[in-house]
Structure formats: structure tokens, C-alpha cells
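Worksheet for the structure shown next.
Residue numbers (the working numbering): 9 to 100.
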């Protein structure tokens, strides 16, 4: 029983830490995750999906998915709107 009880506390601590981590990653209210923030920054710098994939050691399909998630979260329909959101977040 003690091991189970200890694991329960460990899992609660992990969940609490993840929750705090996600809250600190909110980007001007858009709640971007860490990888999404890195991709958003790359998009703002004019990097292509291929360049982002290579620099982040992931597939181009994963980058496309992350860009799509970012667009949904910031309400963008074009990549340039991601760059605008990143620029606004820096000013705020």
C-alpha cells in the first residue's frame, strides 16, 4: 500500500508541474506549448517548414501539424499572421 500511495503523490506532483509549465508558456493568451513557441518564432523569422524540421530534428509533417495548431490558437489563416502574433507578444 505505501508504494501505491507514494506513486499517487508522485503523479499528482507531475500533473501539477505540467499544469504550471503549460500556464507559463501562454503566449499573449494563446497558450502555445514549448515546441509551438519555437516553431512560431521560426515562422516569424521566415523559416520554411523544411528548415524548421531540420533544425528541430523532427519530420516536416510534424512541423506542418504544429504550424496548423498555432494558426488555430492565434486565429490565423496565413503564416504571416503568426509572425504578427509573435511580434505583438513581444511588445506586450
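Every residue, glycine too, gets a C-beta built ideally from N, C-alpha and C. Small disclaimer: the values here were computed from a predicted structure and weren't measured.
Once the 5 residues before and after residue i are set aside, which same chain residues still bring their CB inside 6 Å of it?
{"i": "residue 68", "result": "57, 58 and 61"}
{"i": "residue 50", "result": "60"}
{"i": "residue 29", "result": "Only weak support exists for where residue 29 lies, its pLDDT of 39 falling under 50; the value from the coordinates is given anyway. Same-chain partners within the cutoff: there are none."}
Since residue i contacts residue j with CB under 8 Å, what's their CB separation in whole angstroms?
{"i": "residue 90", "j": "residue 40", "result": "Residue 90 to residue 40, Cβ: 10 Å. No contact."}
Please state whether the Cβ-Cβ distance between residue i and residue j is less than 7 Å.
{"i": "residue 52", "j": "residue 94", "result": "yes"}
{"i": "residue 144", "j": "residue 74", "result": "In the structure displayed, the chain extends from 9 to 100; residue 144 sits before or after that span and is not available."}
Have a look at the options and flag the residue whose alpha-carbon is nearest the alpha-carbon of residue i.
{"i": "residue 64", "options": "76, 80 and 44", "result": "44"}
For residue i, which residues in the same chain have their Cβ closer than 7 Å to its Cβ, ignoring the five residues on either side in sequence?
{"i": "residue 80", "result": "none"}
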